[in-house]
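Residue 134 in my numbering is what sits at position 127 of the sequence shown, and the numbering runs on without skipping anything.
Quick reminder that beta carbons are idealized off the backbone N, C-alpha and C, glycines included.
Worksheet: one structure, shown below.
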Amino acid sequence: MEKITSFTIDHNKLQPGVYVSRKDNVGAGIITTFDLRMTSPNEEPVMNTAEVHTIEHLAATFLRNHKVFGDKTIYFGPMGCRTGFYLLLAGDYASKDIVPLMIELYEFIRDYKDEVPGASPKDCGNYLDMNLGMANYLAKRYLDTVLYHIDDARLIYPE
Numbered sequence: 008m009e010k011i012t013s014f015t016i017d018h019n020k021l022q023p024g025v026y027v028s029r030k031d032n033v034g035a036g037i038i039t040t041f042d043l044r045m046t047s048p049n050e051e052p053v054m055n056t057a058e059v060h061t062i063e064h065l066a067a068t069f070l071r072n073h074k075v076f077g078d079k080t081i082y083f084g085p086m087g088c089r090t091g092f093y094l095l096l097a098g099d100y101a102s103k104d105i106v107p108l109m110i111e112l113y114e115f116i117r118d119y120k121d122e123v124p125g126a127s128p129k130d131c132g133n134y135l136d137m138n139l140g141m142a143n144y145l146a147k148r149y150l151d152t153v154l155y156h157i158d159d160a161r162l163i164y165p166e
């Protein structure tokens, strides 16, 4: 069986960043899948499920309510390896195109202090597995170490 594209990236060289993972033609349009890598694979501890779950709830809510990208947001969710997230947007984008959106998103997560949207037994199948404090911390870390000073090395997958 042939490897899927994301398994052909050398994860030993991959650093936190914002990468285009793939582009798919769907009907007359394109869906761009982004790899929002928050931790260094196989070097740093992975994120725990509680903070991943919290980031997912906050990001999905923020993105689907965004005035520009709300109707372009197809999906936001965690990677199984817990080193980052996938964001699927309707449209043909480069990584640099969404950096301002990612800064806006992660500042929202960093500064969020209210009840996590959808964190109730009626709305979520695992509502108790949330950690807002760690989600705030990880968003701040991603902003400070990656997003605020991002360059091509963290926008294009390593060779």
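Beta carbon of residue i nearer than 7 Å to that of residue j
i: residue 68; j: residue 124; result: yes
i: residue 149; j: residue 113; result: yes
i: residue 83; j: residue 97; result: no
i: residue 43; j: residue 76; result: no
i: residue 146; j: residue 61; result: no
C-alpha gap between residue i and residue j, whole angstroms
i: residue 73; j: residue 111; result: 10 Å
i: residue 32; j: residue 164; result: 21 Å
i: residue 95; j: residue 13; result: 14 Å
i: residue 78; j: residue 48; result: 31 Å
i: residue 137; j: residue 53; result: 16 Å
i: residue 21; j: residue 51; result: 12 Å
i: residue 27; j: residue 10; result: 18 Å
DSSP state of residue i mapped onto helix, strand, coil
i: residue 89; result: coil
i: residue 132; result: coil
i: residue 155; result: helix
Nearest to residue i (by Cα), restricted to the options the options
i: residue 30; options: 23, 24, 57 and 40; result: 40
i: residue 139; options: 115, 154 and 71; result: 115
i: residue 57; options: 130, 147 and 126; result: 126
i: residue 133; options: 24, 63, 45 and 19; result: 63
i: residue 158; options: 117, 46, 19 and 25; result: 25
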